[in-house]
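Going from the sequence shown to the working numbering is simple: count from 1 and add 60.
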Amino acid sequence: MPASIDLNCDLGESTPARPIADEPLFGVVSSANVACGFHAGGDATMRRSVELAIVHGVVLGAHPGYRDAEGFGRRELGTPADELAAELLAQLEALDGVARAAGQRVRYVKAHGALYHRLGVDEVAARAHARAIAAFDPALAVLGAAGGALERAADATGLRFAREAFADRGVRTDGSLVPRGEPGAVLTDPAAAGRRAVELAARVDVDSICFHGDTPGAASIGRAVRDALEAAGFAVRSFATEPVA
Numbered sequence: 061m062p063a064s065i066d067l068n069c070d071l072g073e074s075t076p077a078r079p080i081a082d083e084p085l086f087g088v089v090s091s092a093n094v095a096c097g098f099h100a101g102g103d104a105t106m107r108r109s110v111e112l113a114i115v116h117g118v119v120l121g122a123h124p125g126y127r128d129a130e131g132f133g134r135r136e137l138g139t140p141a142d143e144l145a146a147e148l149l150a151q152l153e154a155l156d157g158v159a160r161a162a163g164q165r166v167r168y169v170k171a172h173g174a175l176y177h178r179l180g181v182d183e184v185a186a187r188a189h190a191r192a193i194a195a196f197d198p199a200l201a202v203l204g205a206a207g208g209a210l211e212r213a214a215d216a217t218g219l220r221f222a223r224e225a226f227a228d229r230g231v232r233t234d235g236s237l238v239p240r241g242e243p244g245a246v247l248t249d250p251a252a253a254g255r256r257a258v259e260l261a262a263r264v265d266v267d268s269i270c271f272h273g274d275t276p277g278a279a280s281i282g283r284a285v286r287d288a289l290e291a292a293g294f295a296v297r298s299f300a301t302e303p304v305a
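Shown next, in the form of structure tokens:
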């Protein structure tokens, strides 16, 4: 069999104040990180995202973030760890409820924005996050950056951890992402993103490649990334293909 790699995208993040036409992207990805209403999205958006995932055979993941629609979840709020756990559970319950009503399940969790970055370095918050996921459903996987606090917390909690890298984000020499707003933070050239994706997929510590639904030209970027991966011999399939009981 050819080597496989997952292709994930943050989806269902449209709001009246920040509309994002991401429906075509469900036909490109193998895993969809669906916003759960705190940083973006909402009840109707979750329902439509679940419907699109079913139509395209895409695996559903929950994409929880800070309760920060105004800042799109990209501002660090410093929410206490116990409150983070409660907010995570509320978001998981919302999306999983919509998925169950459609005969599907959420199969993994990937945090959004500032929360994602915090969970990579904050051991206390990462442990609270992982324990809340395990309490909700220990069969859920966790998707995140390699080698950080969240991976350690997932391992300690007995959760499967999948490592991701980014096709549409600039990376510093130390491996960290270039902060948004700085030059080179976001890659908008589809061909460059495709080349980056192939390089990343060849690494043994990468299970999934991510691009963002709100990146300018996301549809072209996503298609270029998938085409480049498949041309390089990778089968694009979700890391979380095993069904949740």
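Ideal placement from N, C-alpha and C gives every residue a C-beta, glycine not left out.
Compare the C-alpha of residue i against each of the options and name the closest.
i	options	result
residue 108	72, 229, 122 and 253	72
residue 20	122, 146, 99 and 83	Outside the modelled stretch of the chain, which goes from 61 to 305, sits residue 20, for which no answer is possible.
residue 76	89, 86, 63 and 104	104
residue 114	129, 134, 102 and 159	159
residue 174	65, 134, 248 and 221	134
residue 271	200, 246 and 294	246
residue 257	244, 225 and 239	225
residue 63	299, 294, 301 and 74	294
residue 162	196, 127, 92 and 110	110
residue 194	181, 172, 177 and 152	152
Could you check how far apart the C-beta atoms of residue i and residue j are, in whole angstroms? I think they sit under 8 Å.
i	j	result
residue 166	residue 223	No, residue 166 and residue 223 are not in contact; Cβ-Cβ is about 20 Å, not under 8 Å.
By the DSSP assignment, the beta strand (DSSP E) with residue i in it spans what residues?
i	result
residue 224	221-226
residue 272	268-272
Here's the rule: buried if 16 or more other CB atoms are within 10 angstroms of the residue's CB, otherwise exposed. What is residue i?
i	result
residue 124	buried
residue 268	buried
residue 236	exposed
residue 234	exposed
residue 142	exposed
residue 184	exposed
residue 275	buried
residue 215	exposed
Can the beta-carbon of residue i be found less than 8 Å from the beta-carbon of residue j?
i	j	result
residue 262	residue 284	no
residue 205	residue 228	no
residue 129	residue 100	yes
residue 65	residue 296	yes
residue 200	residue 219	yes
residue 98	residue 147	yes
residue 179	residue 145	no
residue 91	residue 298	yes
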